[in-house]
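Take a look at the structure below.
In this note's numbering, the protein residues as written are 704 to 1071.
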């Protein structure tokens, strides 16, 4: 069973009900301060932490005096626009005493279904973490429509975990794990400590959702678990309401862990390797050797470009004899790649008119 102490990169999902008092619409400051203590302690041992937080609409609707209950899409977007500022400021102020910088990252479903946006999101997240920043991620409700919404932050958190290569995801929930049945209706319902595989029987146990408090219920948590574990990330469901919820989890609080059968690195390589190529990049012997040693593909080692492809598309890497060496997500269009092939990375800006990335295909975006 996974433990937080072993996490290298941790994503924590926080629901609106944990952050915002339902009666007053104000932030639960004591709870938020205790979460900040947890984040600071976990970061101090070298773990990257990313927070996926709801709460912008809940905060904004009170400021705007909007009624309780369901809101029209335009009202939700307006509330989010007002609430996002307050939510970001709250995290900034609560983490600053620990010397932790924060950055707001707003995403929509389109950002992960489009490979170019996905790669840009991944690169941004990696840079933030490299600079010591704790990203605060939320769905961009101000521009999302019904067609492009996640609809719940459980799946959003899972997608963020996969995008940034996290090895653990914790859903701070209104339930303390996954049960064989609704524990509110069935006194014999049993909580799972560990779920190694999400079977049809497991899915059937989710029913229409264990809790009426969670927007998506238990079904969306299972969807999140499937998404996360297939991406090499273990996922935990635990009760989020206690103060210091992550510390409480580490000290043995009730929870359910969904295990992953691989790590994020290997899962990503497998995902890339299964894609259909949209073109070929031919490389010389020196580049082929570098690739076999785990290096990125630089323009200098490229001798030819075949086909038509865009940024983020999967492209086969072949040698001069036509042997396929691997497949990767390319960072330039086919025309741009032709313009810089055989040239040093330092020449890219002069050739393309902008300062591009040094690698044509980065090693993290490549299955060799």
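In this text, a Cβ means the ideal position worked out from N, Cα and C, and glycines have one as well. It should be emphasised that the depicted structure is a prediction, and the values quoted were computed from it without experimental measurement.
Whether residue i touches residue j by CB criterion (9 Å)
{"i": "residue 999", "j": "residue 1030", "result": "no"}
{"i": "residue 863", "j": "residue 755", "result": "yes"}
{"i": "residue 934", "j": "residue 970", "result": "yes"}
{"i": "residue 780", "j": "residue 791", "result": "no"}
{"i": "residue 956", "j": "residue 942", "result": "yes"}
{"i": "residue 937", "j": "residue 962", "result": "yes"}
{"i": "residue 994", "j": "residue 1017", "result": "no"}
{"i": "residue 989", "j": "residue 1019", "result": "no"}
{"i": "residue 711", "j": "residue 768", "result": "no"}
{"i": "residue 875", "j": "residue 861", "result": "no"}
{"i": "residue 857", "j": "residue 967", "result": "no"}
{"i": "residue 867", "j": "residue 819", "result": "no"}
{"i": "residue 787", "j": "residue 764", "result": "no"}
{"i": "residue 1034", "j": "residue 1059", "result": "yes"}
{"i": "residue 837", "j": "residue 804", "result": "yes"}
{"i": "residue 1005", "j": "residue 1063", "result": "yes"}
{"i": "residue 991", "j": "residue 1045", "result": "no"}
{"i": "residue 1013", "j": "residue 1066", "result": "no"}
{"i": "residue 742", "j": "residue 821", "result": "no"}
{"i": "residue 1001", "j": "residue 1040", "result": "no"}
{"i": "residue 663", "j": "residue 713", "result": "Nothing can be reported for residue 663, as the shown portion of the chain is limited to 704 through 1071."}
{"i": "residue 880", "j": "residue 940", "result": "yes"}
{"i": "residue 718", "j": "residue 877", "result": "yes"}
{"i": "residue 960", "j": "residue 865", "result": "no"}
Residues sharing a beta bridge with residue i, DSSP
{"i": "residue 1070", "result": "1030"}
{"i": "residue 806", "result": "838"}
{"i": "residue 1008", "result": "984"}
{"i": "residue 1064", "result": "1000"}
{"i": "residue 670", "result": "This structure cannot speak to residue 670, because the chain is shown only from 704 to 1071."}
Endpoints, the beta strand (DSSP E) within which residue i is located
{"i": "residue 1022", "result": "1017–1022"}
{"i": "residue 842", "result": "836–842"}
{"i": "residue 863", "result": "Element bounds for residue 863: not the beta strand (DSSP E) but the alpha helix (DSSP H), 856–866."}
{"i": "residue 717", "result": "712–717"}
{"i": "residue 1054", "result": "Note, residue 1054: premise wrong, no beta strand (DSSP E); alpha helix (DSSP H) at 1051–1055."}
{"i": "residue 723", "result": "From DSSP, residue 723 is part of no beta strand (DSSP E); its letter is neither H nor E."}
{"i": "residue 871", "result": "871–876"}
Extent of the continuous alpha helix (DSSP H) run through residue i
{"i": "residue 832", "result": "818–833"}
{"i": "residue 886", "result": "Looking at the DSSP string, residue 886 is not in any alpha helix (DSSP H), and its letter there is neither H nor E."}
{"i": "residue 1043", "result": "1037–1043"}
{"i": "residue 1002", "result": "Looking at the DSSP string, residue 1002 is not in any alpha helix (DSSP H), and its letter there is neither H nor E."}
{"i": "residue 905", "result": "903–909"}
Min CB distance residue i to chain D below 9 Å
{"i": "residue 881", "result": "In the structure shown, chain D cannot be found, because there is only a single protein chain."}
For this session: Counting only runs of 3+ residues fully inside the stretch 921–990, write out the beta strand (DSSP E) ranges in chain order.
Result: DSSP runs (the beta strand (DSSP E)) wholly in the stretch 921–990: 937–942, 958–961 and 982–986.
Problem set entry | Meets three-Cβ-pair contact criterion under 8 Å: the stretch 1047–1067 and the stretch 1021–1028 | no
For this session: Could I get the ranges of all uninterrupted beta strand (DSSP E) runs contained in the stretch 730–799, with 3 residues as the minimum, in chain order?
Result: Look at the stretch 730–799 and you find these whole runs of beta strand (DSSP E), each 3 residues long or longer: 751–756.
For this session: Decide yes or no for the touch test of the stretch 895–910 against the stretch 965–982: beta carbon pairs closer than 8 Å, at least 3 of them.
Result: no
Exercise. Taking one C-beta from the stretch 735–753 and one from the stretch 883–897 each time, how about it: are there three or more such pairs within less than 8 Å?
Worked result: no
Exercise. Between the stretch 724–732 and the stretch 872–890, do three or more beta carbon pairs fall short of 8 Å?
Worked result: no
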